[in-house]
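Please read the structure below before turning to the comments.
In the numbering used here, the protein residues as written are 2 to 457.
See below:
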């Protein structure tokens, strides 16, 4: 490298390296991590498939020739999971023609062995940077983690909303991440250098709400020993997040509306109003349309807040994000408690349990359950089975067809062949691979079981 050249920056880029040569794995991972990349490695197609389901991936580097299969076998799964991702093939001299043909099917490019890590990093920096310039995920990734198209659609307007100074109303069930979305709006807005101040309108006693929001002068009431700056003043130049706005008492909504319309306010006990410079983001789990009709929320305040609206989906509607978030929360808690081992992968049966659970508490429930799971993980565990998941998180058992004792789960969208395979595998596990006993449990003859095993 020339003295005047700067090193490439891969900060925040999620990279999966698939190669069955441990030396190549280590070499690429070490170099790319040193430049800021978030790198995970896989030594087989199976391991890579599990990582794709549980780990965010911006870039996949796959060896073309593996001991079992080819790196190209992973391309359809990768394109389905990460349609905006970048797929590169690593190839020897003898397989360049195959790699060139693969480019026609969606491979970004091929890399000839031996791979120069620095040249590769420069290429990735250029390619990822070009993709990120218009990618919603990249703009919001420091604040929000998502891949599901349902969530992408819900958040699509955030960059445009953030550029404006009008109120934003975020609606969604409890636990869907409304405060994180509000923070994302603030962080990518022109006000990002100002404060982000939160008020939970449902958690402050009605008698204290006015003072909490607007402040008070010394001696304004009994106990007011000094001047108090309210949340509006604290948020000057930034964003004021009014969480659970639907819980605000009706009589107080009039005062809030006046402040929003006049952009001035007055402390309790103050002599004259003064200007306020804040951007309002409000959130609620309630249906404010219904509350307006029922007389529980002022119509004029609703129209003043409902300028720019974001409707967040429940986690159950974001199936592609469930494993991504589960892995993220698991890694976060393991780091917090000092567990430096790699995050264990969920087995397919465990994945099915997580995907089929309705998550009534949404992201908050998932985070809490993954925290509990991380604390209870045995040392050096490689995979998280459905049995361990059910034992650790009994709530999932109530919404599954999976038995903790049998460690067997049949997803609702399974084909008949897939369901048969799962049942046979479970029977063999229960009987310690005794085919005669397994056949008896399945209600078929031993010869039939042998034939089905040969066909698998």
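Built from N, CA and C at the ideal position, the CB exists for glycine as well.
With distances taken Cα to Cα, identify the nearest neighbour of residue 343 among 436, 382, 240, 302. When the alpha-carbon of residue 343 is set against those of 436, 382, 240, 302, the nearest one is in 382.
For the 8 Å Cβ check, are there 3 or more pairs between the region 207–219 and the region 253–261? yes
Quick one: grab the DSSP three-state call for residue 135. With a pLDDT of 48 at residue 135, under the threshold of 50, the modelled position of that residue is not reliable, and the figure given next carries that caveat. Note: residue 135 maps to coil in three-state DSSP.
With a threshold of 16 other CB atoms inside 10 Å of the CB of residue 223, please say whether the residue is buried or exposed. exposed
Please list the terminal residues of the continuous beta strand (DSSP E) segment that includes residue 88. Residues 87–92.
Alpha carbon to alpha carbon, how far is residue 53 from residue 130? Give it in angstroms, no decimals. 21 Å
Starting from residue 64, trace the alpha helix (DSSP H) both ways and give me its first and last residue. From DSSP, residue 64 is part of no alpha helix (DSSP H) but of the beta strand (DSSP E) over 60–64.
Through-space distance from residue 442 to residue 424, alpha-carbon basis: 10 Å
How many angstroms separate the CA atom of residue 290 from the CA atom of residue 28? 58 Å
In the DSSP output, what is residue 19 paired with across the bridge? 43, 63
If you follow the alpha helix (DSSP H) that residue 392 is in, where does it begin and where does it stop? 387–393
Whole-angstrom C-beta distance between residue 46 and residue 82, which should lie under 8 Å: Not confirmed; about 14 Å, so no contact.
Going by DSSP, which residues form a beta bridge with residue 199? 242
Three-state class that DSSP yields for residue 403 in the structure shown: Because residue 403 sits at a pLDDT of 47, beneath the cut-off of 50, its placement in the model cannot be relied upon, and the following sentence gives the value as read from the coordinates. Coil at residue 403, not helix or strand.
Three-state secondary structure assigned by DSSP to residue 298: coil
Would you check if the distance between the CB atom of residue 42 and the CB atom of residue 30 is smaller than 9 Å? yes
CB-CB under 7 Å to residue 285, same chain, minus the five flanking residues each way: which ones, in chain order? 172, 245, 246, 247
Comparing alpha-carbon positions, which option in 174, 307, 448, 184 lies nearest residue 362? 174
Buried or exposed: where does residue 390 fall if 16 or more other Cβ atoms within 10 Å of its Cβ makes it buried? buried
Between residue 265 and residue 192, is the Cβ-Cβ spacing less than 9 Å? Between residue 265 and residue 192, the C-beta spacing is not below 9 Å.
Would you check whether the ligand PLP has a heavy atom nearer than 8 Å to the C-beta of residue 188? Inclusion of the ligand PLP in the displayed structure is not the case, the ligand content being empty and no account of it being possible.
Any idea what DSSP makes of residue 384, helix, strand or coil? strand
Buried or exposed: residue 435, going by 16 or more other Cβ atoms within 10 Å of its Cβ? exposed
Ends of the beta strand (DSSP E) at residue 341? Segment: none, residue 341 is in no beta strand (DSSP E) and carries neither H nor E.
I'd like the list of long-range same chain contacts for residue 93, defined as Cβ closer than 6 Å, with 5 residues on each side in sequence excluded. 114
How far does the beta strand (DSSP E) with residue 311 in it extend, from its first residue to its last? 309–312
Residues near residue 1 by beta carbon distance below 6 Å, same chain, minus five either side: Here the chain has residues from 2 to 457 only, and residue 1 is not among them.
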